[in-house]
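Data block below; observations after.
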Ligand code: NAD
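In my numbering, the protein residues as written are 36 to 331.
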């Protein structure tokens, strides 16, 4: 099983990073988003990230140019996946929408293509059941920011063919990543462990135990975490965090995973974290040193 053409479906935070990493490694990438206005922003982000690598002398100018040439954007899904050997779906974290998307991908991608999802929490088996290609579905869960983070959870369903698993596992290694084999379960490993911590930090804030900066400082200095949990929630996206917690709550039938009130409140206000400029922190002055907001 060899890969040349990779289609990335969804060009948001994760999709543009996934496209960049494949393009930097010589793959032809077709990048699609349901909302066409997202595509120029995604390409601008990739350009900025490649330029940063060049200025840090981690990439030569000709390599950055070659990576950009490898990426083609598409506003038509059928065209975007027509040549695909592998489709990596990185659209919104919503089971209904992902199932509908996989149904379409099943119809439009070549029969040999492997369909992968970058979902954070939704069972790959559910997406597989929406298609007629049992055995060719897999989870390829990258981490944010994709060009920097080395881990990829490679998630197999009970049907995933061994050859498909081996090919995707090897592909992640070709990208310079460290793949880890994981079985299909809500939240897999990463988010089953991480999200309860983020939620507990938010519940701790709701309970008035400490402020935003104080909770983050405790976890950074006390636990040697590079980033506090509330800052990390902003970085991931509060919409993504709530969606994952709701999957864990429903699938594991445990209300302990119910999203904290402050997460729901920020989500309702459209404050999604870093990507929307506001979440637990305000990013409008200095995005690298955001200010904790006064939310009480
Ligand atoms: P995002 O909101 O930044 O991007 C999602 C993109 O999908 C948007 O550009 C949106 O326009 C597009 N989209 C929505 N519906 C679509 C459709 N039907 N077809 C194609 N595109 C569609 O979200 P994100 O953070 O990039 O998350 C994408 C996926 O990756 C989710 O499943 C999420 O759980 C997962 N993920 C996120 C992170 C993270 O830290 N943000 C980490 C790992 C995995």
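Glycine included, every Cβ here is placed at the ideal spot set by N, Cα and C.
In terms of Cα proximity to residue 138, the closest of 118, 162, 127 is 162.
For residue 182, the closest alpha carbon among the candidates 54, 39, 323 is that of 54. Proximity of the beta carbon of residue 155 to the ligand NAD is indicated: a heavy atom of the ligand is located closer than 7 Å. With fewer than 16 other Cβ atoms inside 10 Å of its own Cβ, residue 37 counts as exposed. When DSSP states are grouped into helix, strand and coil, residue 63 belongs to the strand group.
The C-beta distance from residue 82 to residue 112 rounds to 24 Å, too long to meet the 8 Å contact threshold.
Here residue 109 has 65, 67, 115 as same chain residues with Cβ atoms under 6 Å from its own Cβ, once five neighbours each way along the sequence are excluded. For the stretch 189 to 265, the full-length beta strand (DSSP E) segments reaching 3 residues or more read 213 to 218 along the chain.
For residue 317, the three-state secondary structure derived from DSSP is strand.
Annotation for residue 170: no beta strand (DSSP E) segment contains it, and DSSP assigns it neither H nor E. Beyond the five residues adjoining it in sequence on each side, residue 49 comes within less than 7 Å, by CB distance, of 125, 153, 177, 179, 181 in the same chain, given in chain order.
Between residue 188 and residue 225, the CB-CB gap stays under 8 Å.
If you look at residue 152, you'll find it isn't in any alpha helix (DSSP H); it sits in the beta strand (DSSP E) that goes 149 to 152. Counting along the chain, residue 98 sits inside the alpha helix (DSSP H) bounded by residues 96 to 104. Assigned with DSSP and collapsed to three states, residue 297 falls in helix.
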